[in-house]
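For reference, each letter of the sequence shown is one residue, going 2 to 336 in this note's numbering. See below for the structure under consideration.
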Amino acid sequence: MSDLIKTLIKKNKSCNSVWFMRQAGRYLPEFRKIRQQNQNFIKLCLNSELSSQISLQPVERFDLDAAIIFSDILLVPHVLGQDVIFDKEHGPNLSKFNQQTFLNFEKDNFLSKLKPVYDAINKTRKKLKKDKSLISFIGGPWTLLVYMMNLKKNKNEIDRNKFKDNKQKMQKILSSLIEYLCLHIKNQISAGADIVQVFDSWAGLLENEYLNELCFEPNYQIVEFCKKENIPVICFPRGIKEKYAEFNLKVKPDGLNIDYEIDPTWARDNLTGVTLQGGMNPKILLRGQEEINAEAKKYLDIFKDVPYIFNLGHGLVPETDPEKLGNLVKFIRNY
Ligand code: CP3
2 MSDLIKTLIK
12 KNKSCNSVWF
22 MRQAGRYLPE
32 FRKIRQQNQN
42 FIKLCLNSEL
52 SSQISLQPVE
62 RFDLDAAIIF
72 SDILLVPHVL
82 GQDVIFDKEH
92 GPNLSKFNQQ
102 TFLNFEKDNF
112 LSKLKPVYDA
122 INKTRKKLKK
132 DKSLISFIGG
142 PWTLLVYMMN
152 LKKNKNEIDR
162 NKFKDNKQKM
172 QKILSSLIEY
182 LCLHIKNQIS
192 AGADIVQVFD
202 SWAGLLENEY
212 LNELCFEPNY
222 QIVEFCKKEN
232 IPVICFPRGI
242 KEKYAEFNLK
252 VKPDGLNIDY
262 EIDPTWARDN
272 LTGVTLQGGM
282 NPKILLRGQE
292 EINAEAKKYL
302 DIFKDVPYIF
312 NLGHGLVPET
322 DPEKLGNLVK
332 FIRNY
C-alpha cells in the first residue's frame, strides 16, 4: 500500500507524502522536448507510449509518491464528439455542443476511443515502483459542462444568459455525463490506477443557489461510485470558499484538495473526517528557495496532527524552476 493510500484510507498522520498537480507539464524540459515534436495536444494525450513516458518524468526526477496519468479532463468531451482546440490566449475551445450526438453516443465506442488512456495507465503501472500510487482523474461534471456548453463569458465569469438558456437541458446531460465519467473511472481502475481525483475547477463560478444541484450532487454520485469500486477518491471543488465545509459533509470524499484562497488553519479546524491535500499557492514557487520552504513549513506545521498530503492550491505554472521544486521535495521529506 502506498503512503498516499495510507494517508487517504487509514488516515495516517505526518507521512510527508507529496505529489503535485500538473507535475507532468511545460515546466519540465523533458516534457517540452516531447511536446515540441507533438503539436497536437489531444493526439499526444492519446499516444499511450508517450503519455506513459511523460507521466513517469516527474516521478523519476523528484521521487514523488505518485504518478498522475498524463491526459486531460477534456478528452471525455473530445471522444463524445466535440473538437477540442487549445488556443494559447483563451484556453481550450470546444466545437458546438450537439445534444443529439451526445445523448445517442455508443458506450462501446466511447471506451474504444479512450483505450489509449487505459493502455497508458497499464504501461505506467508496470514501470512504477510498487510503493507508488498511480492517480487517474476526471473533470467534475459541472466543469465539463462549462467547457462543453461554452458557458464562460471571460476568464472568471459565467455568461448568465447562456446559463439560464441552457439550464433546463442540464439535468439530462449531467446524468448522462456522470454515467460516462463512471465508466471512464472503472476502466482506469481496471488498467491499474489506485486513486481517483475529481477536478471541479469551475465550481467557484456557481452561484450559491446552484451549488447543491450542479456541484455537490454530481460529486456525491461519483464519490459513491468510487466507494462501491473500492478506490480512494480526492475531490477538488476549486473556488467555493467556506462552502468547502458543506461540500465535505455532503459529498464525503476520502480526500479534499484545498485551493490557495482557503485559510489552512480554517481548513484544519472545519474540514474534519477527511484527508486534506494541497493549499499552497503555486506562484510561491516563483520566489526564492527560503520563502518557498518557509511557506511549505507553514502548511506542514498547521497540518501536522491531521492526515495531510502535500500538494498545491492549483497546478504548477510553466514558469516553475524544476530545481526549486526538487529542493522543496527534499525539504518536505526531511521535515
Ligand atoms: O500532471 C498532471 O496534472 C496530469 C495531467 C493533467 C493535464 N490537465 C495536462 C495538461 C491534468 C490532471 C489536467 C486537468 C485539467 N485540464 C483541468 C483541471 C485542473 C485545472 O487546471 O483546473 C482543466 C481545467 C483542464 C483543461 C485544460 N487543459 C486547460 C485549461 C488547458 C490549457 C491551460 C494550460 O494550463 O495550459 C489544458 C492543457 C493542458 N493539460 C496542458 C497539460 C500539461 C498544457 C498543454 C501544453 O500546452 O503543453
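Ideal placement from N, C-alpha and C gives every residue a C-beta, glycine not left out. Just so you know, these numbers come straight off a predicted model, no measurement behind them.
contact_flag[the segment 233-252, the segment 179-199] where n(CB pairs < 8 Å) is 3 or more: yes
Neighbourhood of the ligand CP3 [Cβ distance below 7 Å to any heavy atom], ordered by chain position: Going along the chain, the residues that qualify are M22, R23, Q24, A25, G26, R27, R36, F42, I69, I70, F71, S72, D73, I74, L75, F87, G92, P93, F138, G140, T144, F200, S202, R239, H315 and G316.
Own chain, CB closer than 7 Å to N282, minus 5 neighbours either side, in chain order: These residues qualify, in order along the chain: Y261 and G314.
Length of the line joining the Cα atoms of E247 and Q38: 45 Å
Cβ pair V224, I139 closer than 7 Å: No. Outside cutoff.
Exposure of S52, with buried meaning 16 or more beta-carbon neighbours within 10 Å: Buried, by the Cβ-count rule.
Minimum length 3: unbroken beta strand (DSSP E) runs contained in the segment 125-207: If we require 3 residues or more, the beta strand (DSSP E) runs fully inside the segment 125-207 come out as 134-140, 153-155 and 196-201.
Inter-residue Cα distance where the pair is P219 and I174: 12 Å
CB of I333 within 7 Å of CB of N17, strictly: yes
Own chain, CB closer than 8 Å to F304, minus 5 neighbours either side, in chain order: P265, R269 and L277
Inter-residue spacing [alpha-carbon to alpha-carbon] between Q101 and G82: 11 Å
Whether A68 touches L115 by CB criterion (7 Å): no
Contact between the segment 162-176 and the segment 110-129 (3+ Cβ pairs under 8 Å): As far as the Cβ criterion goes, the segment 162-176 does not touch the segment 110-129, which means the pair count is below three.
Inter-stretch contact at 8 Å, needing at least 3 Cβ pairs: the segment 176-184 / the segment 151-160: No, they do not touch.
Continuous alpha helix (DSSP H) assignments of at least 4 residues falling wholly in the segment 93-125: Listed in chain order, the alpha helix (DSSP H) elements of length 4 or more contained wholly in the segment 93-125 are 100-104 and 108-114.
Residues sharing a beta bridge with Y309, DSSP: Note: Y309 sits in a beta bridge opposite L277.
C-alpha distance - E210 paired with C227, whole-angstrom precision: Just so you know, the alpha carbons of E210 and C227 end up roughly 27 Å apart.
CB contact flag (L206, C216, <7 Å): no
Coarse secondary structure for G314, derived from DSSP in three states: Looking at G314 - three-state DSSP - the assignment turns out to be coil, as it is neither helix nor strand.
Cα-Cα separation between C46 and V80, rounded to whole angstroms: C46 and V80 have their C-alpha atoms some 12 Å from each other.
Which listed residue (N105, L112 and F63) has its alpha carbon closest to that of S191: L112
Same chain only: Cβ atoms within 7 Å of R33, ignoring 5 sequence neighbours per side: Within the same chain, and ignoring the five residues on either side of R33 in sequence, the residues whose Cβ sits closer than 7 Å to its Cβ are R27.
Buried or exposed by the 16-neighbour rule on C-beta atoms within 10 Å, applied to Q169: exposed
Integer-rounded CB distance, given that V60 should sit under 8 Å from K133: 7 Å
Beta-carbon gap between D66 and L5 smaller than 7 Å: yes
Whole-angstrom C-beta distance between F63 and V330, which should lie under 8 Å: Right, the Cβ-Cβ distance comes to about 5 Å (below 8 Å), so this counts as a contact.
Span of the alpha helix (DSSP H) around D270: P265 to N271
A25 - DSSP class collapsed to helix/strand/coil: coil
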